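Let me begin by presenting the structure, written as structure tokens, before commenting on it.
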Amino acid sequence: MDLSSLLASNAAYREFTDRQIEDVELYEILDVARFAPSGGNRQGWRVVVIKDRLLREQIRDLYVLSWREYMAHVVADLVPFAPVDAGQWRGPVVDLELARDTPRPYKFSDHIDASPVMLLVLVELAQLAVLDNGLDRQSIVGGASVYPFCHNILLAAREKGLGGVMTTVLCRQEKEVRRIIGFPEGFGIASLVVLGEPKHEITRLRRRPVEQFVSVDRFDGEPFTAKA
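Counting from 900, one number per residue, gives the positions in the sequence shown under our numbering.
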């Protein structure tokens, strides 16, 4: 698959066939993904391959709780946990306890434990170059040292005809996940990545055209186009 086709078909795949992914395939995916960039080339990521059935079920149950929190925002027409107050998050805008007690049936979250591959991607916080720390807004740039790696996993999977999705929902349950997986303080959950053979192939994604998000010289400048 050429690069353009790879990028244009790298959808969020959440439904998989029953085909199991062999360890050698997963190893090859991770062996390619490791060439992702990171601040200072510190490569602060750690990956836990979740194979044990009981662990997978525990992860699923925790994921469902966070999914309910997420959906409580969505049904209220809110962006979940968004820093909408002058670029900062001031606390919950929905009742999180009520949210966790309110079922939100969803095939992916309810059966995430059945995914052929489940990867818990952690990052050592002390290895993140977080240059926007101290600014009067939500910090974002630390993710540049771990999310390219996560994206590389998905791209490497697509090259093999597989697919998956990177989800950050589980981070809401980090304390409990730390307890059952045993990762130390100083590490945080970057994402949960699941992989498999997609039930349905997507050949072209729907995204905004370049002119809608690229401007010349100023934020309110003329749209950038390929026209002469």
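For every residue, glycine included, the Cβ atom is placed at its ideal position computed from N, Cα and C. Bear in mind that the values here come from a model prediction, so they are computed numbers and not experimental data.
Own chain residues within Cβ distance below 8 Å of residue i, not counting five before or after
i, result
"G1095", "Y912, F915, T916, R918, I920, S1014, P1015, V1016, L1061, G1062 and G1063"
"R1036", "P982, A985, G986 and Q987"
"L925", "V948, V1016 and L1094"
"R959", "S1008, D1009, H1010, I1011 and D1012"
Cβ-based burial, residue i [other Cβ within 10 Å; buried from 16]
i, result
"Q1111", "exposed"
"M900", "exposed"
"Y1046", "buried"
"L906", "exposed"
"A910", "buried"
Rounded C-alpha distance that separates residue i from residue j
i, j, result
"L954", "E1073", "14 Å"
"S1090", "L997", "25 Å"
"S903", "V978", "30 Å"
"R1057", "S908", "8 Å"
Anticipated Cβ contact below 8 Å, residue i with residue j, distance rounded
i, j, result
"V1068", "Y962", "6 Å"
"F1086", "E1023", "6 Å"
"L1021", "I949", "About 12 Å separates the two Cβ atoms, so there is no contact after all."
"S1044", "A1028", "6 Å"
"A975", "T1001", "So it is not a contact: roughly 12 Å between Cβ atoms."
Minimum C-alpha distance to residue i - residue among the options
i, options, result
"Q1129", "V1115, L977 and C1049", "With the chain covering only 900 through 1127, there is no way to say anything about residue 1129."
"V923", "P1097, K1059, S965 and P991", "K1059"
Residues near residue i in its chain [Cβ-Cβ closer than 7 Å; skip 5 each side]
i, result
"A1055", "I928, V931 and A932"
"R1106", "none"
"W966", "R1003, Y1005, S1008 and V1068"
Residues of its chain near residue i, where Cβ-Cβ distance is below 6 Å and the 5 sequence neighbours each way are ignored
i, result
"V1109", "none"
"L1030", "V1040"
"S937", "S1044"
"V946", "L1018 and V1020"
Cutoff 8 Å: residue i Cβ touching any chain C Cβ
i, result
"D960", "Within the model displayed, chain C is absent; a lone protein chain is all it includes."
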